[in-house]
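Engineer: Sharing a structure, written as structure tokens. Questions coming.
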Amino acid sequence: MPPTPKEISDNIDQTIDSLNTQWDLRLPRLRGGEDPPADESERLAGKCSMLIRFLCFKTTTTKKALDLFKGRARTIHSQWVFKPLQEPGTLPVLPVVKSLVARKAGLVRLSDSQRCALLELLYAILKGAKNEAEDDWELAKLSDAFSTEPATTSSAGFATAPTTPVKEAPSWGQDYFSTPPREIQQKSEAQETELDEPHLKHPISISSKRTIASPNGVSPIPEFQIPSTHFPPQQNKRQQTLSEFRQFRHISGPPLETRTVRPPDPISFETAVSPAASSVFSSADEGNGGRMSNDTSMVSSQAEESQNLFPTQDYNEIFNDDQFSTSFSELSKAASPFDPTSLEVNGPFKIQAMLPPHVPFWYCWELHRLAPLFGLKPIDLYQKIGETNKISTMSGEDFWATVKELCRAKAVQPLPQKSNLPGWIAQEGNYTDIRTNRVAHFTGALQWNEDGSQSLLQLRLNAVQLVQSSRFHRKFGADRFLALDGPAFRIPDKLRALSPKTAPVYDKVIDLLASNSHFIAGRYWRVCFVEELKSKARRNKASSRHSRFILFAETGFDIVPRPLLKLNVPDLKADGQHRTIMRQQVMQWHMPLDANSDSKDLKLFSRWSIGFSRTTPTVELKRLEFLYKHDELGDMPLDGSDSKVMNDGCALMSYPLAKAIWAAYGGEGEPPSAVQGRISGGKGLWLVDYQNMHADVSDRGYWIEVSDSQLKVKPHPRDRDDADSDPTLRTFEVLKYASECKQAHLNIQLITILEDRGVPPSILRDKLQSDVQSFSASLTNAMKNPKQLRLWMQEHAHTCRVTARSYLGSFPSKNNEQINVLLESGFHPQMCKKLITNAYRLLSDYMTNYTDKMRIQIPHSTAVFCAPDPLGVLAPGEVYLGSSNPFIHPVTEIRETTLEGLELLVARNPAHLASDMQKCTAVYKHELRHYKNVILFSQKGAIPLASLLSGGDYDGDVVTCIWDPEIVRHFRNAEMPQMPREIECGMVQRSELLSVMFNKGRPLDENFQTYFRKCIAFNAQPNLLGSCSSEHEKLVYALSQTRETNKLSHPGAVKLGALAGFLVDSTKQGWDLPEKEWHKIRMKSSGSSSLQEPAYKAGSSRRRDELLNIIDYLRFDVAETLKEKALREFARLRDAEKVLNYDRDLSQHWLYWSSPIEKHRTEKRQAARFRVGQHTSDATTGLSARQIKGPDAVDLEMLTDLLEGEQGLLEQIKEVDAIWARLNLQIEPTPDEARDWEKYRLAIETVHEKFRAIQPKRMDHELGRRWKAEQDRPLSDWALLKASCLHKTVCSRGISPEWVWYVAGREFCYLKALRHAGGIRIVVSEIHDFYKVDTKYARALLEGSLDDRGDEENAVDEENLMDDDVGLEME
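Under my numbering, think of the first position of the sequence shown as -12, with each following residue one higher.
Okay, structure coming up:
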């Protein structure tokens, strides 16, 4: 059989895609090898696709079949029958009970059971079409009127294959008008109906229904076909006239056929479909010159001259019916204008051809990510890469090398970002590394597309990154979750103007994401969680705020289509393959509906975050080791309200369990006193119990309490039966732990409270000056010595391990780590221009914290977890603060590990009210001596201290503690003001009980669909927290300009502060703040006029006598002056004469190899000048005594060609320089904005890849042979030669640009270390990550207490000393 023409095949695919998009049928395209269907739904889908392909040459037949399906599908899934092709004088049969708006609001979304029903309907209709098409062929062969017209006959709607005769358009289903009332349909389907014997018509005309298989000419009724006995006989129309509509009565009435209606024959102006009527199978050869499918002609139809198209005798009776009149009026409304912002059809998620099943998912993801870059489809890119790279199992590096070749071939610049694909992903096919607890992180973004000719949104897939794992990642696989950043809340004006009269554009985006499954990278994903993200740059700008949607892959590529019924098993991929898992199954596993039926829907939705917290799994517990813990209640409040929970979010764990958790986490020494974690449905903070109060719970001494306030998802871990076979539900996951106490800093909010509560501005000024001068002076002094600067970096600018591993090109991306690498390689801070520039940037960034954020470090302060006193020994107003590293007492200057007898301030961010900072008394309690690096609050009294601090609790809140006497003694406590309730702030409660939403009157699938739509839409809407906080800040600023005292206690400030506190947890608590209500609250609180932006935020300084606000004063009068002075003094180091842009040590390797060439040129010039022989002695030529000796110049011509010839090393280095010059025209060399940094990063990676790709042009030279032998090494001799040549070429011009360090920084450091006069030690990075500067030893070196011989003779062996001490004690 000849193959299907491509244009027909494309139309078949379009038809299948259209059905999938509109009805979510998931019909396969049936190309290539297909996996065997797993269930009835997939088998039906495959059969339907085959029938569509079978009918591809029957344009009219297929068009009618699909129209019939759409009409009946709407009948099944809507409360009224949609009739898109109205004939003149006819009306649809409508159960008139609701308005169109009400019906749309109550629309039921497609579920799995509904999809199966629609597939059965579609199969029945297509099967009937196929049978009748075959029957017409057989009947036509028996008829004398049969004619085999060529394929180009005008009656054929599509080009027919040569071997296929032209068939007539069947009339099956043509007598279908509309769905009768349910009672009539049910009874009529139970009766047997005889159909009139049809007569054969001319093949060109429409045929009647008849089948060869029926001996008496009766055609069997398909399963979903409505019998024609419900309709007037001998009618060949799809719609009813008004008179016929009136005959449609209850089944108890007389038969419809007995009524004879002979209406008058008025002239009709029919809307006749033109011959150019569009079809899903219309031929591409028809062109675009003809009329479109909506073209009409005003002609009179002879066939309908006898019909009563508008019977006047029934008009009055019909329109006296109010319900009918209402629906008729709604239906008669003009069609809605075209909406260019519609996402129903032209959405961002385009269905692509599936890749072969043996392809791993990471490869599939990369193909879908990179294909748009090359203007290809993923399947085409797969084939193109397959032609280039014949390796059966491709590694991440092999794949990237191939991508770079394609980029070079297609002149794609800059290069796309490279995915992080270690061996455990690319070779082993794992997406979680158990050893490091890292997972592959798949992300993407939806961006506004202002090109009106395309979709409103465009999808961008990002490179794969590695992040810390979460519970969901470990349970279901990291590759089944996708973090998709939604478009910015602020919609471009061009798009906003496209649909002014339709639903808001952003609402359409949310409706699209919440309602459907989405095809991304070969899989079908559904949104399961939403969180709001803010860009690090311009946090206060609404344009950068957006939501992040977390999607779960239910089916699709690399997922076996066999449902997994039980999820409470240790390994969901026991057979090595993913299985079909639906979103609601994940929810049932994470938070069972039955146990949480009394929870609110929006609050329970927020508990998805427990499974997405990036944690480290540690110890598996047994169910009996979980203990119940009732919340501790405080005294009855004086206002008569309910007693408050005094230990909200905190409980205890046994010391043996804490040790085991700490060991599994990888910690050393004593376990921390407090651990913030997650376990089963509980989250919060756990203190270590040093009293061993439940010693008999477990043989191994393990036990853990889960309190009522910690249990966010029921049931309690001890009561969860399915946890026995699922260790994930019994594993303690560490989020954070109580670490060493470090100095805290003030911010704008805390400074405002301090000034409001009586702390003089002069004290805050002195603290700022002391901090700035200490930082800048110590850095300037450290620049004199590499060792001293490295120690300073350890103490003042320590880099975390994760940040240290971040590289751009071949150099660390973070400024702090660059300084460390340069120092460790032997660069001197007074001579290396790059090192001085980095240090200057470090100082500048530090000073910017003062001018922009007022981050003032306070010596006598810290930031630690707060927790309730577990032993109940603290009185109200008392706190206990212990530390593992000693504090310096502010008065006696004695080093102590516990504060005693001091007053201190405690506060928590964000802080809007004067009462958000409280003065307490630090006391020492011997019973609490084991608790370190945590502050304990009293459990006595009526109100927990944590709740006074911005409404905090004890589930892991960090508080700032200050015991500097100069600040504390001036501070006056403020009572908590009378706080308004949420409803008084204009907020509306949107939550409802889960038991109400999941009522038993609807299918469970529909309930889940409704639940997710509501929760996703609610959480994806913009939160007004930023606007409220900004308004509060403006109001407080305006009050300060009027010299208002107690400005934070102003009624407007209190109301805005309370509202900001409500908005922090609004998505969890279900409170919504409508835009109109927000404007009302703002006007009541701040006044009708708009408040001006604070000067310290706008950056515009005022006159000194106008600096009435404390932040204005500290920024413009103090910080700016200090910043200018500190940077000016430090800039002198950069401008010193001994600072080198060009470091000869880095060019030595190039000079070594190029010296014979240069020497030969010099000799030739000397010979020409003095007209002497070819060979001239060094004395004659006058070469410098410092001339570098190169290798033997036996093969001088070959060496010259390799280094300086055409496409030699020097020419290729100059080409790299030229590429950067071109790319640099579009970007800033040192960008500050995130967007520019992305362009800068891509440009660097492009140039770096070009640099790495440089190879010797000749393999018959020593350099070529050496490169070939060393090309697998991380640093070959050829790589060092390239870097040396780059430095000589670029930096010898007297400049030291940033980009050369990113391109060849690693090689520069190696070259510098090789030229170091002292000894060097090579350390692999895996071991170096464990290193930490010994500050005591470093200080001893700097102070000269250790001589040059080291500490072998003078240092004391601490281990032996400890042994001796023990021996003396024993004696």
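All residues carry an ideal CB built from backbone N, CA and C; glycine is no exception. Keep in mind that this is a model prediction, so the values were computed, not measured.
Distance check for Arg895 and Tyr689, CA to CA, integer angstroms please.
Structural biologist: 33 Å
Engineer: Following the continuous alpha helix (DSSP H) through Ala1025, name the residue where it begins and the one where it ends.
Structural biologist: Leu1012 to Gln1028
Engineer: With DSSP run on the structure shown, which of helix, strand or coil describes Gly274?
Structural biologist: Only weak support is given to the placement of Gly274: the predicted model assigns it a pLDDT of 38, under 50, and the question is left unresolved by the model.
Engineer: Let's see if you can read the secondary structure: which residues bound the alpha helix (DSSP H) around Ser1072?
Structural biologist: Annotation for Ser1072: the continuous alpha helix (DSSP H) segment containing it runs Glu1062 to Ser1073.
Engineer: Can you list, in chain order, the residues of its chain with a C-beta nearer than 8 Å to that of Val878? Leave out the 5 residues immediately preceding and following it.
Structural biologist: Closer than 8 Å at Cβ, skipping near neighbours: Pro952.
Engineer: Quick one: using the 10 Å Cβ neighbour count with 16 as the cut-off for buried, is Asn994 buried or exposed?
Structural biologist: buried
Engineer: Indicate whether the contact test is met: 3 or more Cβ pairs, each with one atom in the stretch 823 to 842 and one in the stretch 695 to 715, closer than 8 Å.
Structural biologist: no
Engineer: Can you tell me whether DSSP reads Leu639 as helix, strand or coil?
Structural biologist: Leu639 falls in the strand class under three-state DSSP.
Engineer: Within 10 angstroms of its Cβ, does Thr423 collect 16 or more other Cβ (buried), or is it exposed?
Structural biologist: exposed
Engineer: Considering just the uninterrupted stretch of the alpha helix (DSSP H) at Ala432, what are its terminal residues?
Structural biologist: Ala432 -> not in any alpha helix (DSSP H); beta strand (DSSP E) instead, spanning Arg425 to Trp435.
Engineer: In the structure shown, what three-state DSSP assignment does Gly869 receive?
Structural biologist: Strand, per DSSP.
Engineer: If you follow the alpha helix (DSSP H) that Arg1253 is in, where does it begin and where does it stop?
Structural biologist: Glu1249 to Glu1257
Engineer: Since Leu538 is in the beta strand (DSSP E), which residue starts that stretch and which ends it?
Structural biologist: Arg532 to Gly543
Engineer: Run through DSSP, which three-state label would Met574 get?
Structural biologist: helix
Engineer: In whole angstroms, what is the alpha-carbon distance linking Ala764 and Gln781?
Structural biologist: 16 Å
Engineer: Does the distance from the C-beta atom of Ile666 to that of Leu608 stay below 9 Å?
Structural biologist: Yes.
Engineer: Grouping DSSP H, G and I as helix and E and B as strand, with all else coil, what is Pro343?
Structural biologist: coil
Engineer: Who does Met904 pair with in a DSSP beta bridge?
Structural biologist: Ala894
Engineer: Which residues bound the alpha helix (DSSP H) around Leu1196?
Structural biologist: Leu1196 to Asn1211
Engineer: Find out if the Cβ-Cβ distance for the pair Thr602, Gly664 is shorter than 9 Å.
Structural biologist: yes
Engineer: Count the C-beta pairs between the stretch 536 to 552 and the stretch 1026 to 1033 that are closer than 8 Å, then say yes if the count reaches three, no if not.
Structural biologist: no
Engineer: Please name the residue or residues paired with Phe924 in a DSSP beta bridge.
Structural biologist: Pro855 and Val866
Engineer: With which residues is Ser694 paired in a DSSP beta bridge?
Structural biologist: Lys616
Engineer: If you count every other CB in all the chains shown that lies within 10 Å of the CB of Gln1, and 16 or more means buried, which is it?
Structural biologist: exposed
Engineer: Could you check whether the stretch 458 to 473 touches the stretch 383 to 391, counting it as contact only if at least three pairs of C-beta atoms, one from each stretch, sit closer than 8 Å?
Structural biologist: no
Engineer: Suppose the cutoff is 8 Å on Cβ atoms and the five residues either side in sequence are ignored; what does the same chain contact list for Leu1197 look like?
Structural biologist: Leu1190, Glu1191, Cys1272 and Thr1276
Engineer: Which one of Leu625, Asp992 and Gln775 has the shortest CA to CA distance from Met574?
Structural biologist: Nearest option by C-alpha distance: Asp992.
Engineer: Comparing alpha-carbon positions, which option in Leu105, Asp54 and Ser1279 lies nearest Thr31?
Structural biologist: Just to set this straight, residue 31 is Leu in the shown sequence, not Thr. When each option's Cα is compared against that of Leu31, the closest is Leu105.
Engineer: Reducing DSSP to helix, strand and coil, say where Trp950 ends up.
Structural biologist: The three-state secondary structure of Trp950, taken from DSSP, is coil.
Engineer: Less than 8 Å between C-beta atoms, sequence neighbours within five positions excluded: which residues of the same chain meet that for Leu38?
Structural biologist: Tyr110, Leu113, Lys114, Ala116 and Lys117
Engineer: Got a sec? Which residues, its chain only, sit under 6 Å from Ser5 by beta carbon, not counting five neighbours each side?
Structural biologist: none
Engineer: With a CB to CB cut of under 8 Å and the five nearest residues on each side skipped, what residues in its chain are close to Glu702?
Structural biologist: According to the sequence shown, residue 702 is Pro rather than Glu. Excluding sequence neighbours, Pro702 sits near Pro579, Ala582 and Gly668.
Engineer: Could you compute how far the alpha carbon of Ser1141 sits from the alpha carbon of Ala1300?
Structural biologist: 21 Å
Engineer: If you count every other CB in all the chains shown that lies within 10 Å of the CB of Thr328, and 16 or more means buried, which is it?
Structural biologist: buried
Engineer: Tell me the DSSP bridge mates of Val496?
Structural biologist: Val496 is not bridged to any residue.
Engineer: Is Ala725 buried or exposed, if buried means 16 or more other CB atoms sit within 10 Å of its CB?
Structural biologist: Counting Cβ neighbours within 10 Å, Ala725 comes out buried, since at least 16 surround it.
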